[in-house]
Amino acid sequence: MDVSDQAAVDAFAAETWDTFGGVHFLLNNAGTGVGSASCLTDPAAWRRNLDVNLFGCLNVLQAFVPRMVEASERCTVVNTGSKQGITSPPGNLAYNVGKAGVKVITEGLQHELRSTGPKDPITNKPLITAHLFVPGWVNTMLARNYFRDTKGESFDPAVDVPWSTDNPSAGAWMPGEAIDYLFDAIAEERFYVICPDNDVSEATDKKRIAWACGDMLERDVPLSRWDPDYKDAFE
Numbered sequence: 006m007d008v009s010d011q012a013a014v015d016a017f018a019a020e021t022w023d024t025f026g027g028v029h030f031l032l033n034n035a036g037t038g039v040g041s042a043s044c045l046t047d048p049a050a051w052r053r054n055l056d057v058n059l060f061g062c063l064n065v066l067q068a069f070v071p072r073m074v075e076a077s078e079r080c081t082v083v084n085t086g087s088k089q090g091i092t093s094p095p096g097n098l099a100y101n102v103g104k105a106g107v108k109v110i111t112e113g114l115q116h117e118l119r120s121t122g123p124k125d126p127i128t129n130k131p132l133i134t135a136h137l138f139v140p141g142w143v144n145t146m147l148a149r150n151y152f153r154d155t156k157g158e159s160f161d162p163a164v165d166v167p168w169s170t171d172n173p174s175a176g177a178w179m180p181g182e183a184i185d186y187l188f189d190a191i192a193e194e195r196f197y198v199i200c201p202d203n204d205v206s207e208a209t210d211k212k213r214i215a216w217a218c219g220d221m222l223e224r225d226v227p228l229s230r231w232d233p234d235y236k237d238a239f240e
């Protein structure tokens, strides 16, 4: 299913309810790595990236979550973001924009659910919670699909794919490790589920996020982490 197709997503939601009678766990994980490093070029790549990564996320939420709210049962909604949507490293600006949008949408959804969503009659806590799932480096097929789509007929998986589920990197987690981390965080009622990996620790993630916030609050220099003038200060 193409999540950028609102009608297809709506039909899938209706079929899901007809078949199973409801949904109690929604993982909004569809995405594409195809994008552009510049906001001045590649309009088609920009539109495809945002249609999938941003509007695809929105399409799924709008098709599924109102039905979950109407059912008024305990449910969990997880949107998959990215560290690139938080710290915005140069290289794929379109991807950064889409994932930054997913972060903002998920924050707004969590606020809406806790403010106006159905509540547990005993605890008065929200019955439906939203969570932003931010994997670290994970051995998935995303890199393979990215290079397949960008290289076209010249694509050679033996040469072009640096890591995947079938050819894992030691620095990356396997998908099951990321999912275990997600489930533990949901059990702890955490909203921001920012996963480490075998190369990047939780402490390093916190340092990078804090530095990105400091660009606005202290330095007035966007993306200073990648500016040679600030290299020593960051490290």
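Numbering (my numbering), first residue to last: 6 to 240.
All C-beta atoms, glycine included, are put in the ideal place defined by N, C-alpha and C.
Predicted model, so just to flag it, every value in this text is computed and none were measured.
{"Check": "From Glu20 to Trp216, what distance separates their C-alpha atoms?", "Outcome": "45 Å"}
{"Check": "What is the residue span of the beta strand (DSSP E) that Val82 lies within?", "Outcome": "80-85"}
{"Check": "By the DSSP assignment, the beta strand (DSSP E) with Thr134 in it spans what residues?", "Outcome": "133-139"}
{"Check": "Pull up the CB-CB distance for Val4 and Asn64, whole angstroms please, since I reckon it's below 8 Å.", "Outcome": "Outside the shown range of the chain, which is 6 to 240, sits residue 4, and nothing can be said about it."}
{"Check": "Taking the alpha-carbon of Arg52 as reference, which of Pro71, Val102, Ala18, Ala12 has the nearest alpha-carbon?", "Outcome": "Val102"}
{"Check": "Does the contact criterion of 3 or more C-beta pairs under 8 Å hold for the stretch 96-112 versus the stretch 31-48?", "Outcome": "yes"}
{"Check": "Which residues in the same chain as Ser77 place their Cβ atom closer than 8 Å to its Cβ, once the five residues preceding and following it in sequence are excluded?", "Outcome": "Pro123, Leu132"}
{"Check": "How long is the line joining the alpha carbons of Glu207 and Arg72, rounded to whole angstroms?", "Outcome": "36 Å"}
{"Check": "Using only the alpha-carbon positions, how far apart do Val82 and Pro173 sit?", "Outcome": "29 Å"}
{"Check": "Might you give, ordered along the chain, the residues of its own chain that have their beta carbon closer than 6 Å to the beta carbon of Asn203, omitting 5 neighbours on each side?", "Outcome": "Gly176"}
{"Check": "Can you tell me which of Asp10, Leu32, Val28 puts its alpha carbon nearest to the alpha carbon of Leu137?", "Outcome": "Leu32"}
{"Check": "DSSP has Phe30 in a bridge; who is on the other side?", "Outcome": "Thr81"}
{"Check": "If contacts are defined as beta-carbon pairs under 8 Å, then Ala18 and Phe60 qualify, I think. What distance do you get, rounded to the angstrom?", "Outcome": "With 8 Å as the limit, Ala18 and Phe60 do not qualify as a contact, their Cβ atoms being about 16 Å apart."}
{"Check": "By a C-beta neighbour count over all protein chains shown, 10 Å radius and 16 as the cutoff for buried, is Leu55 buried or exposed?", "Outcome": "buried"}
{"Check": "Ile127 lies in the alpha helix (DSSP H); which residues open and close that run?", "Outcome": "Here Ile127 belongs to no alpha helix (DSSP H), and DSSP marks it neither H nor E."}
{"Check": "Going by beta carbon distance, what residues of the same chain come within less than 7 Å of Met179, once the five residues before and after it are set aside?", "Outcome": "Asn144, Pro173"}
{"Check": "Whose C-beta lies closer than 6 Å to the C-beta of Cys200 among residues of the same chain, with five residues either side of it excluded?", "Outcome": "Pro140, Gly141, Ala183, Tyr186"}
{"Check": "Taking the C-alpha atoms as reference points, what is the distance between Ile214 and Tyr235?", "Outcome": "15 Å"}
{"Check": "Can you name the residues that DSSP bridges to Trp178?", "Outcome": "Val143"}
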